[in-house]
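Undergrad: Numbering (my numbering), first residue to last: 8 to 435. A virtual CB, placed ideally from N, CA and C, is assigned to each residue, including glycine. Given the structure is predicted, the values throughout are model-derived calculations rather than measurements. So that we are looking at the same thing, I have put the structure below in structure tokens.
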Amino acid sequence: MGTKNSRLQGFYQLNPFERLQMVKSFDGLCEEDLRVLHGGHGTLTIERADKMIENVVGTYNLPLGIATNFLINGRDHLIPMVVEEPSIVAGASYAARMVREGGGFATNSTDPVMIGQIQIVGVAAPQSARHDIFTRKEEILAIANAQSRSLVGLGGGARDLEVNLHATSPMGPMMVVHLLVDTRDAMGANAINSMCEAVAPLIEQITGGRVYLRILSNLSDRRLARARCVVPTRALERDGLSGEEVAEGIMWAYAFAAVDPYRATTHNKGILNGVDPVIVATGNDWRAIEAGAHAYASRSGQYRSLSVWERDDEGNLVGTLEMPMAVGIVGGATRVHPAAQTALKLLGVQSANELAEICVAAGLASNLAAMRALACEGINRGHMGLHARQIAMAAGAHGPLVDEIVRRMVEERNIKPARAEELIAELR
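Structure representation (structure tokens):
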């Protein structure tokens, strides 16, 4: 494991099959794994898809790329990313290369504790009912844990209760009981929902009220993942700009996101550009991750940047990112979709916490890449260079013709479908 090196020079210059062989040599994937990643035998069949969701009529493919250069807690990783947007994989890889010069990413995470919510209405004496719920806490937790003996056997299960009182709402007062559940290596939605259903009758009996909703919360703010990186100023030099100039530009970009919710929204989208593709590749719920991230960004009462960027005593850039990260490596699509299983194998993770930490490192890398692009040249130049390839292909270009049309459009700064069609006619 110590001999692996995710710093794969020239990786982007290889064809897809050659890249696949490098990935295999990095992590010892078998031939069947390669076929799955390459879109051959073992990918999602229509029969398997029909068992995953309703009203299936087909499947839908997205590109699967590999982000390189990631050094996380002293261990090299190649990171599978499923995404349709150009520049995300390249940007994260380049940012990870800069971070390597400062020692790589340092990550950590909390226990995987999720919240199940039980809503109670019509409670005559809420404070007294709150007291009675806590008095019978152990009984409530025992009923919850009886729903998942396997989870309890693994060291997880319902751990504690919280009771929140809402004096007003559009429908009147309500009480909400929070069931705090350690879900271990699962995302945990099904287990939590089952526990909430099971304890609802007892909570009604204790409070004298009526239970309505019994469901998990996707604001998993007890289940956090954190990443930190140090970027030496020398690593930021680019196109005649000194590292100090780029660092200052990045800090101004961060400052904008720290105070302005309109900028913070796009800034955080750049973070999720790195997180979501790993979530999708591993068969996890990216909608839950997005919802939790944006709610967490608003916890102060104003929507703010999820990341924080600073300068240390030596002038290095120091970036930190903390966000909810409810992911699993067992259950759900992670055990149904063949490509998700292979992606997890490539990552070599042994726990949901490890996967969460890789995701947040990818998010911090994507954030750095976006701010650096904005500080150096505006994001448009690099992004549109890759977008030009899509334009050329959509216009009907194939093979070597694509590269030539892309080169001409970028050189002319005229990346439009009409120009691509003109160049196709001219060069054929």
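1. Determine the direct distance from the alpha carbon of N275 to that of V253, and round the result to whole angstroms.
2. In whole angstroms, give me the CA-to-CA distance for V206 and R166.
3. CB of P284 to nearest heavy atom of the ligand SAH: below 7 angstroms?
4. Does the segment 258-273 come within contact of the segment 308-316, defined as at least 3 CB pairs closer than 8 angstroms?
5. From which residue to which residue does the beta strand (DSSP E) around G72 run?
6. With a cut-off of 8 angstroms on the beta carbons, I'd call L430 and R420 a contact; round off their distance for me.
7. Could you check where the beta strand (DSSP E) with C236 kicks off and where it finishes?
8. If I follow the unbroken beta strand (DSSP E) through E329, where does it start and stop?
9. Between A288, E251, R306 and C203, which has its C-alpha nearest V343's C-alpha?
10. Who pairs with I222 in a beta bridge, going by DSSP?
11. Looking at the structure shown, is L15 part of a helix, part of a strand, or coil, going by DSSP?
12. First and last residue of the alpha helix (DSSP H) that includes H274?
13. Near K31, what residues of its chain come up, given a Cβ to Cβ distance below 7 angstroms and the 5 sequence neighbours on each side ignored?
14. Would you kindly work out how many angstroms separate the C-alpha atoms of Y269 and L324, rounded to a whole number?
15. Which residues bound the beta strand (DSSP E) around E504?
16. With burial defined as no fewer than 16 other Cβ atoms inside 10 Å of the residue's Cβ, what is the status of D410: buried or exposed?
17. Can you give the Cα-Cα distance for A380 and D267, rounded to whole angstroms?
18. Please tell me whether L187 and E169 are closer than 8 angstroms, where the distance is taken between their beta carbons.
19. Can you give the Cα-Cα distance for L158 and D118, rounded to whole angstroms?
20. What do you reckon, are the CB atoms on G98 and A382 nearer than 8 angstroms?
21. Once DSSP output is grouped into helix, strand and coil, what is the label at T214?
TA: Considering the structure as presented:
1. Sequence index remark: in the sequence shown, residue 253 carries index 246 (1-based). Sequence index remark: in the sequence shown, residue 275 carries index 268 (1-based). Roughly 20 angstroms separates the two Cα atoms.
2. Stepping through the sequence shown from its first residue, residue 206 is reached at position 199. Stepping through the sequence shown from its first residue, residue 166 is reached at position 159. Going by the C-alpha atoms only, they are around 14 angstroms apart.
3. Among the components of this structure there are no ligands whatsoever, and the ligand SAH is therefore not found.
4. yes
5. Taking the first residue of the sequence shown as position 1, residue 72 is located at position 65. Element bounds for G72: L71 to I79.
6. Along the sequence shown, read from residue 1 onward, the residue named residue 430 stands at position 423. Along the sequence shown, read from residue 1 onward, the residue named residue 420 stands at position 413. That pair is no contact at about 14 angstroms.
7. Indexing the sequence shown from 1 puts residue 236 at position 229. Segment L231 to V238, the beta strand (DSSP E) holding C236.
8. Locating residue 329 in the sequence shown gives position 322, counting from the first residue. Residues L324 to P331.
9. What you label residue 343 is simply residue 336 of the sequence shown in a count that begins at 1. Closest in C-alpha terms to V343, from the list A288, E251, R306 and C203, comes A288.
10. Translated into positions along the sequence shown, residue 222 becomes position 215. I222 is bridged to Q124.
11. To locate residue 15, count along the sequence shown from 1; it is residue 8. Here L15 sits in coil by DSSP.
12. Translated into the one-based positions of the sequence shown, residue 274 becomes position 267. Its alpha helix (DSSP H) spans residues P268 to A288.
13. By 1-based counting over the sequence shown, the position of residue 31 is 24. So the list reads L41, once near-sequence residues are dropped.
14. In the sequence shown, counting from the first residue as 1, residue 269 sits at position 262. In the sequence shown, counting from the first residue as 1, residue 324 sits at position 317. Going from the Cα of Y269 to the Cα of L324 covers about 24 angstroms.
15. The requested residue 504 is not part of the displayed model; the chain covers only 8 to 435.
16. Mapped onto the sequence shown, residue 410 falls at position 403. Under this definition D410 is an exposed residue.
17. On the sequence shown, residue 380 is found 373 positions in, with the first residue counted as 1. On the sequence shown, residue 267 is found 260 positions in, with the first residue counted as 1. Their Cα atoms are separated by approximately 20 angstroms.
18. Stepping through the sequence shown from its first residue, residue 187 is reached at position 180. Stepping through the sequence shown from its first residue, residue 169 is reached at position 162. For L187 and E169, yes; Cβs fall inside 8 angstroms.
19. Position 151 of the sequence shown holds residue 158. Position 111 of the sequence shown holds residue 118. For L158 and D118, the distance between alpha carbons rounds to 14 angstroms.
20. As a position in the sequence shown, residue 98 is number 91, starting the count at 1. As a position in the sequence shown, residue 382 is number 375, starting the count at 1. It is not a contact, given that the beta carbons lie outside the stated cut-off.
21. Taking the first residue of the sequence shown as 1, we reach residue 214 at position 207. Three-state result, T214: helix.
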